[in-house]
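Peer 1:
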Amino acid sequence: MEATQLNAESTQRKHTISILLENKFGALNRVAGMFSAKGYNLESITVGPTEDPSVSRMTIVTRGDDAIIEQIIKQLNKLIDTLKVVDLTYDSYMERELALIKLGTTTENRPEIMQIVEIFQAKIIDISHRTVTVEATGSGQKVDAIVKMLKPFHIKEIARTGRVALKREFVGEV
Amino acid sequence: MTQHTTPQRLMTGAEIFVRSLIEENVEIVFGYPGGAVIGIYDALHDISDIKHILTRHEQGAVHAAEGYAKATGKPGIALVTSGPGATNTVTGIADAYLDSIPLIVFTGQVSLKLIGNDAFQEADIVGITRPITKHNYLVRDVNELASTIKEAFYVATTGRPGPVLVDLPKDVMASKTQFSYPQTVKMRSYQPHAEGHQKQLTKAIELIAKAKRPVLYVGGGTILSNASEELKKFAHKTCIPVTTTLHGLGSFPENDELSLGMLGMHGTWYSNTAVHYSDLLIAVGARFDDRVTGNTETFAPEAKKIHIDIDPSNISKNVKVDVPIVGDVKKILQQLLPSVTTLETKDWLQTIKNWKEEHPLRYKNGKYIRMQHVIRKISEITNGNAVIVSDVGQHQMWTAQFFKYILPRTHLTSGGLGTMGFSLPAAMGAAFGRKDLPVVSLSGDGGIQMNIQELATIREHNVPVKIIILNNGYLGMVRQWQQLFWRKRYSHVEMSSPDFVKLADAYDIPGFRATLTNEVDDVLEKVFSTTGPVLAEFRVVKEDNVYPMIPAGQSYNEIMDVPEKELEGLENESTEELELMTVTKG
């Protein structure tokens, strides 16, 4: 029983899918609705404008085995407003997430927090007598790591974005 | 003085709507007026190019549009008001979505400034129907109205067809602009392609050439793409037998030797057997639905599979296939035809012939009426030249089994969604579109009562629908499942009905009834000699079961043919009177 479960899980994989779609009313809803209607996992979804104001880019992080991912991509393509779907997972790509982390601080622990912020190349964007707010950007892993490092301090609030990603361009041998 | 060209008169959204439908050659609209569409109805008032049929319920309007679309191949049009008018279309839209029927449903909406205010008769129909339409639109500007309608027709009728909803706010329809209807549509995000990929075609041709026990498994996509002629040529050239899905019925003539009838849960014994032992299965415009495959792990276990489908998301969705070919069935069959050769299938066809002899469709004819008998008789009377519109349940399966279909677009049913109440309004819609063939609506006593209000519409327009009610006093299919799989605990499946003949009289429709088998011929004679609408109720055997049957999710090995004891007849029937009746497809 356990072995089969492990097997089933091992074929599951996290995928980052980038979608270009017509910037039309309800487009986000169509995509999110398709995921819930078909019962697909949706870890994060971001949407924003692109260089062309008539086109939006949506970045989705999902999980599934090959057959499910294949269906997800087909179902995304089937939506009438979809212009292009790219599964970035097997390509080299850049990804960024952003987190705002508000910490309750004391004069004693502030230096240590600032040290961590520096190591992660994050920024302090707000400060008060009792709080600092850290802005961290990077890969999902990096943002996870700084959140983990800051956990021992008093995290009052966190706001995190989903993932945005773009394919890397190929650089030939120089 | 220089002469000026007369500036074009500004038109209201409502006028533009009507003019756009005329541009799309719409001849009939099924609808129901209300506050939000009163302006549109005003614009429709003087139009003679479009016939408007006032149904008695918005659900009836959508099913009628479906029936019209399925029987004619043209898109079906429904027009309803906002709020409840719109929500009443939901079942029909979901039905059309699952059965890939081209529909354009126009719904009224409250004025833009009131949207979101919980205004009177407001419902977010675009949100509600998003997962059950191919696409939908809210028109926010009268300047986008004509192009949106053009796009809606294009999306509904191309690629894999489906329902498209266009929501029309009242103020948008009242505002004015110049009308010009676009002649072409270009959507950068939607470009369905018809032709199959050459590499895939080559692989398919190689597989076909090697096959010893091939079967063509044909679905509704073949009818949607008007590919029956190509299918016939393909089957005859290659000598491959043909089984069809419920929606594929009519795509291949069932009096052709190569026909195996329907496959699946209630398919013929020999079609399911042939599929099980096949070494090549060619799915043509079919989607490996669970009612066809049962347990997908054991479906056609020895067969290589070729899958022709216009919807890429159907490929490898349920069953992994060896050669997918994405495109239009007609186009792909045309591409394949020159390259396929005649296969040596004589032995295979002989084996199938033996199976047909061993396991025909059968029932015993006795004193009391079997539904199978009524349907077989209708098949004989019409010789397949009728549009048969069934509802959902036992009679639907027997209608699929005991009628011999020879023409495409003559078998209409709610296959995907399984919508009870489909038959009567859908048959009405079909009869408006098809004057060349008699249209027969078959329903059980349950389904007929779900849209019985449309008898009034049928009467009003003297629609020549032959309404057959097969009354067994039960929700028969549920009762059958309760008998076979739920220890015969008949929970809430027995139901009483009004006197259907009196009801027909109340609607001023001639009504007849048969309660014994020896009355069937006479009643059917009356039904088929009546011009205009006619209703006949057949009081049939209460507890009868549909066989063959492969229980849901099971494998071919679990197939049940008619048990001998169920052929024995009823307690109060003398066995001498019983006569074994058989029907074989092909």
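Respectively, the protein sequence lines represent chains A and B. The opening position of the first sequence corresponds to residue 0 in numbering that gives the first Met the number 0, with each subsequent residue numbered one higher. The opening position of the second sequence corresponds to residue 0 in numbering that gives the first Met the number 0, with each subsequent residue numbered one higher. Glycine included, each C-beta is placed from N, C-alpha and C at the ideal position.
Taking its Cβ as the centre, do 16 or more other Cβ atoms sit within 10 Å of E1 of chain A, making it buried, or is it exposed?
Peer 2: Confidence is the limiting factor: at E1 of chain A the pLDDT is only 39, short of 50, which leaves the residue's position unreliable, though a coordinate-based value still follows. When all chains shown are included, E1 of chain A counts as exposed.
Peer 1: Taking CB distances under 7 Å as the criterion, tell me whether K73 of chain A reaches chain B.
Peer 2: With 7 Å as the cut-off, K73 of chain A counts as an interface residue toward chain B.
Peer 1: Our contact map puts S138 of chain A next to E94 of chain A with C-beta atoms below 8 Å; I'd like the distance itself, whole angstroms only.
Peer 2: Right, the Cβ-Cβ distance comes to about 6 Å (below 8 Å), so this counts as a contact.
Peer 1: Under DSSP, the alpha helix (DSSP H) around V291 of chain B begins and ends at which residues?
Peer 2: First-last of the alpha helix (DSSP H) with V291 of chain B: D289 to T292.
Peer 1: Indicate whether at least one CB of chain A lies closer than 7 Å to the CB of P130 of chain B.
Peer 2: Taking Cβ atoms only, chain A reaches closer than 7 Å to P130 of chain B, which makes this a yes.
Peer 1: Around the Cβ of D48 of chain B, are there at least 16 other Cβ atoms within 10 angstroms (buried) or fewer (exposed)?
Peer 2: Flag for D48 of chain B reads exposed.
Peer 1: Counting only C-beta atoms, is D86 of chain A closer than 7 Å to chain B at any point?
Peer 2: Judged by the 7 Å Cβ criterion, D86 of chain A is not in contact with chain B.
Peer 1: Which residue wins for smallest C-alpha separation from V274 of chain B, given the options B:G66, B:T243 and B:K236?
Peer 2: Cα-wise, what sits closest to V274 of chain B is B:T243.
Peer 1: Is the Cβ of I36 of chain A closer than 7 Å to any Cβ of chain B?
Peer 2: First, the residue type needs correcting, since residue 36 of chain A is Ala and not Ile in the sequence shown. Interface residue, yes.
Peer 1: Would you call the segment 131-145 of chain A and the segment 108-118 of chain A touching, i.e. three or more CB-CB distances under 8 Å?
Peer 2: Yes: the two stretches touch, three or more of their Cβ pairs being nearer than 8 Å.
Peer 1: Apart from the five residues just before and just after Q263 of chain B, which ones in its own chain have a Cβ nearer than 6 Å to its Cβ?
Peer 2: Reading off the sequence shown, one finds Gly at residue 263 of chain B, where the question assumed Gln. Correct list, in chain order: R290 and V291.
Peer 1: Nearest chain A C-beta to H192 of chain B closer than 7 Å, yes or no?
Peer 2: Output row for H192 of chain B: interface = no.
Peer 1: Express the C-alpha separation of T456 of chain B and P48 of chain A in angstroms, rounding to a whole number.
Peer 2: Cα to Cα, P48 of chain A sits roughly 51 Å from T456 of chain B.
Peer 1: Please work out which residues of its chain come closer than 6 Å, Cβ to Cβ, to P424 of chain B, disregarding the five sequence neighbours upstream and downstream, and give them in chain order.
Peer 2: Excluding residues within five positions, the ones whose Cβ falls inside 6 Å are G59, H62, A63, N450 and E453.
Peer 1: Could you check whether the Cβ of H306 of chain B sits closer than 7 Å to any Cβ belonging to chain A?
Peer 2: With 7 Å as the cut-off, H306 of chain B does not count as an interface residue toward chain A.
Peer 1: In chain order, which beta strand (DSSP E) runs of at least 3 residues are fully inside the segment 362-431 of chain B?
Peer 2: Runs of the beta strand (DSSP E) inside the segment 362-431 of chain B: 386-389.
Peer 1: Taking only beta-carbon positions, decide if G63 of chain A is within less than 7 Å of chain B.
Peer 2: So, not an interface residue.
Peer 1: Excluding the 5 residues flanking R538 of chain B on each side, which residues of the same chain have their C-beta closer than 6 Å to its C-beta?
Peer 2: Contacts found: N470 and T514.
Peer 1: Give the residues of chain B in contact with T81 of chain A, contact being defined as C-beta atoms less than 9 Å apart.
Peer 2: The answer, in chain order, is S188 and Y189.
Peer 1: According to DSSP, is F105 of chain B part of a helix, a strand, or is it coil?
Peer 2: Residue state, collapsed to three classes: strand.
Peer 1: Among all the DSSP beta bridges, which residues are the ones paired with E493 of chain B?
Peer 2: B:Y473, per the DSSP bridge assignment.
Peer 1: So, for I380 of chain B: in the same chain, excluding its five sequence neighbours on each side, which residues have a beta-carbon less than 7 Å away from its beta-carbon?
Peer 2: Correct list, in chain order: L523 and F527.
Peer 1: Ordered along the chain, which non-local residues of its own chain (more than five positions away) have a Cβ less than 6 Å from that of E567 of chain B?
Peer 2: No residues qualify anywhere along the chain.
Peer 1: Using a Cβ cut-off of 7 Å (strictly closer), state whether K23 of chain A contacts chain B.
Peer 2: No, K23 of chain A does not count as interfacial toward chain B.
Peer 1: Going by other Cβ atoms of all chains shown within 10 Å of its Cβ, with 16 needed for buried, is V89 of chain B buried or exposed?
Peer 2: With 16 or more other Cβ atoms within 10 Å, it is buried.
Peer 1: Taking 8 Å as the limit between beta carbons, can you name the residues of its chain near G586 of chain B, skipping five residues before and five after?
Peer 2: Residue 586 of chain B lies beyond the residue range present for chain B, which begins at 0 and ends at 585; the question has no answer from this structure.
Peer 1: Per the contact definition of three or more C-beta pairs closer than 8 Å, is the segment 176-188 of chain B in contact with the segment 319-327 of chain B?
Peer 2: Not touching, per the Cβ criterion.
Peer 1: In three-state DSSP terms, what is R162 of chain A?
Peer 2: Reduced to three states, the DSSP call for R162 of chain A is coil.
Peer 1: If contacts are defined as beta-carbon pairs under 8 Å, then G420 of chain B and G443 of chain B qualify, I think. What distance do you get, rounded to the angstrom?
Peer 2: About 11 Å separates the two Cβ atoms, so there is no contact after all.
Peer 1: Quick check on the burial criterion: 16 or more other C-beta atoms within 10 angstroms. Buried or exposed for P168 of chain B?
Peer 2: Looking at its Cβ environment, which holds 16 or more other Cβ atoms inside 10 Å, P168 of chain B is buried.
Peer 1: Would you mind reading off the limits of the beta strand (DSSP E) that contains D125 of chain A?
Peer 2: First-last of the beta strand (DSSP E) with D125 of chain A: K122 to I126.
Peer 1: Taking all protein chains shown into account, decide if H44 of chain B is buried (16 or more other Cβ within 10 angstroms of its Cβ) or exposed.
Peer 2: It is exposed - the Cβ of H44 of chain B has fewer than 16 other Cβ atoms within 10 Å.
Peer 1: Measuring only the C-alpha atoms, how far is N6 of chain A from A66 of chain A?
Peer 2: Because N6 of chain A carries a pLDDT of 46, less than 50, the predicted location of this residue cannot be relied on, and no value is offered for it.
Peer 1: What do you get for S127 of chain A, buried or exposed, if any count of 16 or more other CB atoms within 10 angstroms of its CB means buried?
Peer 2: Exposed.
Peer 1: Starting from M261 of chain B, trace the beta strand (DSSP E) both ways and give me its first and last residue.
Peer 2: That run of the beta strand (DSSP E) goes S258 to M261.
Peer 1: Using a 10 Å radius around the Cβ and a threshold of 16 neighbouring Cβ atoms, would you call Q479 of chain B buried or exposed?
Peer 2: So Q479 of chain B ends up on the buried side.
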